[in-house]
Each structure stands twice: as C-alpha cells, then as structure tokens.
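This note's numbering puts the first residue of the sequence shown at 324, with every later residue one more than the last. Below you'll find the structure, written out as structure tokens, and then a few comments.
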Amino acid sequence: MASHKIIGIGAGSVGAASAIWLRRAGHEVTLIDKGTPGMGASYGNGGILASCSVVPVTAPGLIRKGPGYLLDPDFPLFTRLSYLPKLLPWLTRYLSHANDADTRRISASLSVIVGDSLEQHQALSAGTRAARWLQESEYNFVYADRAAYEADAYVWELRREAGFVPTLIEGPAVQEVEPILSHDVGLLAVNKNHGFILNPAAYVADLVTQLQELGGRFVQAEVRDFELSGGQISAVDTDQGRLPCDRAVLAAGIGSRPLMDKLGLRVPLEAERGYHVLYKNPNMVPNNPMMLTGGKFVATPMAQGLRCAGVVEFGGLTDKKSKAPLRLLRKKVGEIF
C-alpha cells in the first residue's frame, strides 16, 4: 500500500484514534488541534463504550413528542429560543427520519459502527499508556418498574436484533446489585461485555502521546484554510504556517462545519452541547456504568469521582453555558441516588 502524507484535524477521541491507525498502517501523520488533546467534547463525555447504543434518537413518535420535550423544563433537552430559527432547517431534516423504516436502517448501520466498541478500544490502546484507563464492565439500564421497561419495547427489540439481550433483575435484588440506587428503582436491564473509560481526557492525551512515539506529529494550531491541487487537498494553512499533505481527515466535531464550508462540502451538522456533573470523593459509586432512563443521563464511576452526563442543549457555537441544564441534572441525580 502506498504511503501518504496525512493531516488529521481534531485531537479528540475520533481524531486521535484515526491518526494512530493511519500511522500504524505506515502513513506520515500530523494531528492538528487549536487546543489541548482530549480537552474538547472528549473531556466531558460519559466515558461508556456503549456497544448496545444502536438505536437513534429519531425513533417513531419523536415528531409528536418533540414539541412537548422542548417545552418541558424537566426533560433533558434544551434549546436557546434565539437560535431556534437557525436550527429549524437542520431540525426539520433530522425529524424526517423519525419513522420505523429509517430507524431500522440507521440502527443496522450503527450496530456495525459501535457494536464492538470494547474490542476496538482494546485493540487501539493495547501496549500503550492509554490502556490503563480502559475498564471492562456491564452497562445497566435503570427503570422504575417492569411497566417502564416494557414501554421501551421498540428500542429493546432493535437492540436484540443487533445481538444485545439484557438480563433483567427486579425487586430488592436491584439494590443488592447496585446499592447506590434508591428503592424507587425496581428493574435493571443488565448488558454484559461492555466497558468504560476511567478518565476520557487522559485517555485521549495518552493516545496522542502514543501517536508521537510511533513517529507521528502533534501540532497545536488553528486551521484557517486549505490549498487545493487538482481537486484534492494539497496543504492545510494554519496560524502556525502551511502544512503540506495529500490527504486530510476532518475530525473536529462541530468545528468541522466551517472547514467543510471552505471545501464546498454541505453536510447537515449541528452543535449539541453536552452537560455533566462530577461528584468528587463520593461515599458510593455504581459498580457498573448505568443509564438512568427516567432522567435520560448516564452515571459512570471514574478516576476523578462519579460523573453524571447526558443533558443536552441546541444553541449554536456560543461559549456561554446555561444554568438550567445543570440544575435539572443535579435534580435528577438526587431523585435516583
């Protein structure tokens, strides 16, 4: 296979993983990010290698329920009203997939991408310092009772089709398995053969260090433009100078949107800000990562403490954080633990 000079843009988990695999394949790789590796979206995620997360949000019924979600202050989805007119074109296209046929099509594709997440991360980090942050585990879905679980029958049907069949634990046995849960919780759907990252930011930082040890480069710079030759990218222009290449990987999350605009690519991409709360030195943590279905957030035992994450907000690229999502997340945590 011919060797290429490849520039990766974005030093989050996707960018770092892509760069390592390309370098292992023998390519000359330079990874660029205007910030510190792992300190963007990768820093605050829930850290779960959620192989069974193969069902898209756009399930049947979302169009009917969506307006109520946006208006309900207790639902973990927020939208800045001033941004709504800009969001509508993307939102309309997004909601057009909220039907059975598209949901099944997307689910089948997702199962190929994420169905072996644990094994993929084990292969990626094997023999590196990053492997110390990888933990095998179960992934448990928390329900108030059997009725609440059965209300998610459609979702579990798609997971079963992808090969994920949960073990159900009910009644007092729930608290025997997870003592942290309140007695209002009556059912656990346990998914085996999953995993999580004990420190997502450190994990990505260690992956970038591994890239450099393999002979790759990391350059902290802001991408300004591209140079094209014969319809292909021949260089990336940054605030630190020009970097020649013959291939490029865009992995800058929502930051990829203005870069794609420069290339004439029109991809419907929208910013989804995630929120998390980290409880340091807690007196108790879950034995395994869990999805709290009533509050729509995950709780993961991490090296720094207990991280609860999952409330999201559509509001563009503003740096201003909202207080309401964090208030709701703390409220939901208090109700369940």
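Where is the CB? At the ideal position from N, CA and C, for every residue including glycine.
Any C-beta of chain B sitting closer than 7 Å to the C-beta of Gly-639? The chain labelled as chain B is not found in the depicted structure, where only one protein chain is given.
Around the C-beta of Val-508, are 16 or more other C-beta atoms found within 10 angstroms, so that it is buried, or is it exposed? Locating residue 508 in the sequence shown gives position 185, counting from the first residue. Classification for Val-508: buried.
Quick check on DSSP: helix, strand or coil for Leu-607? Walking along the sequence shown from the start, residue 607 turns up at place 284. The sequence given here has Met at residue 607, not Leu. Three-state DSSP puts Met-607 in coil, outside helix and strand.
Let's see if you can read the secondary structure: which residues bound the alpha helix (DSSP H) around Phe-396? Start at 1 with the first residue of the sequence shown, and residue 396 comes out as number 73. Here residue 396 turns out to be Pro, not Phe, going by the sequence shown. Element bounds for Pro-396: n/a, residue is neither H nor E.
Does the beta-carbon distance from His-517 to Leu-400 come in below 7 Å? For the purposes of this step, residue 517 is taken as the residue at position 194 of the sequence shown. For the purposes of this step, residue 400 is taken as the residue at position 77 of the sequence shown. No, the pair does not count as a contact, with Cβ atoms beyond the cut-off.
Using alpha carbons as the reference points, say which of Gly-576, Leu-537, Leu-530 and Leu-393 lies closest to His-444. The residue given as residue 444 occupies position 121 in the sequence shown. In terms of Cα proximity to His-444, the closest of Gly-576, Leu-537, Leu-530 and Leu-393 is Leu-530.
Can you tell me whether DSSP reads Glu-636 as helix, strand or coil? Mapped onto the sequence shown, residue 636 falls at position 313. If DSSP states are grouped into helix, strand and coil, Glu-636 belongs with the strands.
Could you tell me the alpha carbon to alpha carbon distance between Glu-501 and Ala-421, rounded to whole angstroms? Walking along the sequence shown from the start, residue 501 turns up at place 178. Walking along the sequence shown from the start, residue 421 turns up at place 98. Rounded to the nearest whole angstrom, the CA to CA distance from Glu-501 to Ala-421 is 34 Å.
Of all the options Asp-560, Pro-567 and Ile-492, which has the alpha carbon lying nearest to the alpha carbon of Arg-547? Sequence index remark: in the sequence shown, residue 547 carries index 224 (1-based). Shortest Cα-Cα distance from Arg-547 to any of Asp-560, Pro-567 and Ile-492 involves Asp-560.
Whether or not the region 452-472 and the region 600-611 are in contact is what I'm after, with contact meaning three or more pairs of Cβ atoms, one per stretch, closer than 8 Å; do they touch? As far as the Cβ criterion goes, the region 600-611 touches the region 452-472, which means the pair count is three or higher.
Check whether the region 523-537 touches the region 333-343, counting contact only when three or more Cβ pairs, one atom from each stretch, lie closer than 8 Å. Between the region 523-537 and the region 333-343 there are three or more C-beta pairs closer than 8 Å, enough to call the two in contact.
Measure the Cβ-Cβ separation of Leu-510 and Tyr-466 and say whether it is below 7 Å. What you label residue 510 is simply residue 187 of the sequence shown in a count that begins at 1. What you label residue 466 is simply residue 143 of the sequence shown in a count that begins at 1. A contact, by the Cβ cut-off of 7 Å.
Any idea if Thr-641 is buried or exposed, counting beta-carbon neighbours within 10 angstroms, 16 or more meaning buried? One-based indexing of the sequence shown puts residue 641 at position 318. Counting Cβ neighbours within 10 Å, Thr-641 comes out exposed, since fewer than 16 surround it.
Straight-line CA distance for Arg-387 to Val-437? Start at 1 with the first residue of the sequence shown, and residue 387 comes out as number 64. Start at 1 with the first residue of the sequence shown, and residue 437 comes out as number 114. Using only the alpha carbons, I get a separation of about 28 Å.
Per DSSP, what are the beta-bridge partners of Thr-623 in this structure? Taking the sequence shown and counting its residues from 1, the one referred to as residue 623 is at position 300. Arg-630.
Secondary structure of Arg-455, DSSP reduced to three states: Taking the first residue of the sequence shown as position 1, residue 455 is located at position 132. Arg-455 sits in a helix when the DSSP states are folded into three classes.
Span of the alpha helix (DSSP H) around Asp-584: Numbered from its first residue, the sequence shown carries residue 584 at position 261. It spans 579-585 - the alpha helix (DSSP H) in which Asp-584 sits, taken as one unbroken run.
For Ala-512, list the residues DSSP reports as bridge partners. Reading the sequence shown from its first residue, position 189 is the one you call residue 512. The partner list for Ala-512 (beta bridge, DSSP) reads Phe-464 and Leu-491.
By how many angstroms is the C-alpha of Ile-343 removed from the C-alpha of Val-352? Against the sequence shown, residue 352 aligns to sequence position 29. Against the sequence shown, residue 343 aligns to sequence position 20. Rounded to the nearest whole angstrom, the CA to CA distance from Val-352 to Ile-343 is 8 Å.
From what residue to what residue does the beta strand (DSSP E) around Ala-524 run? Indexing the sequence shown from 1 puts residue 524 at position 201. From DSSP, Ala-524 is part of no beta strand (DSSP E) but of the alpha helix (DSSP H) over 523-536.
Output yes or no for whether 7 Å exceeds the beta carbon distance between Leu-354 and Gly-331. By one-based count along the sequence shown, residue 354 stands at place 31. By one-based count along the sequence shown, residue 331 stands at place 8. Yes, the Cβ-Cβ distance between Leu-354 and Gly-331 is below 7 Å.
Tell me Phe-549's beta-bridge partners as DSSP assigns them. Here residue 549 refers to the residue found at position 226 of the sequence shown. Assignment of beta-bridge partners to Phe-549 by DSSP yields Val-559.
Would you identify the three-state DSSP class for Pro-612, choosing helix, strand or coil? If you number the sequence shown from 1, residue 612 lands on position 289. Pro-612: coil per DSSP, three-state reduction.
Validate contact between the region 576-588 and the region 465-481 using beta carbons, cut 8 Å, 3 pairs: They do not touch, by the three-pair rule.
With which residues is Ala-571 paired in a DSSP beta bridge? Walking along the sequence shown from the start, residue 571 turns up at place 248. According to DSSP, Ala-571 bridges with Ile-330.
Residues near Leu-433 by beta carbon distance below 6 Å, same chain, minus five either side: For the purposes of this step, residue 433 is taken as residue 110 along the sequence shown, with counting starting at 1. Apart from the 5 residues on each side of it in sequence, Leu-433 sits with its Cβ closer than 6 Å to the Cβ of Val-377 in its chain, given in chain order.
Label Ser-405 either buried or exposed according to how many other C-beta atoms from any shown protein chain fall within 10 Å of its C-beta, with 16 as the threshold for buried. Looking up residue 405 in the sequence shown gives position 82. Its Cβ having fewer than 16 others within 10 Å, Ser-405 is exposed.
Could you give the distance in angstroms between the alpha-carbon of Glu-658 and the alpha-carbon of Tyr-366? Residue 658 sits at position 335 when you count from the first residue of the sequence shown. Residue 366 sits at position 43 when you count from the first residue of the sequence shown. Each residue's Cα considered, the two are about 26 Å apart.
Spell out the partners DSSP gives His-517 in its beta bridges. The count along the sequence shown starts at 1 and reaches residue 517 at position 194. Listed as beta-bridge partners of His-517 by DSSP are Ser-460.
In the DSSP output, which residue or residues are listed as bridge partners for Ile-371? Residue mapping note: residue 371 aligns to position 48 of the sequence shown, counting from 1. Beta-bridge pairing links Ile-371 to Phe-519.
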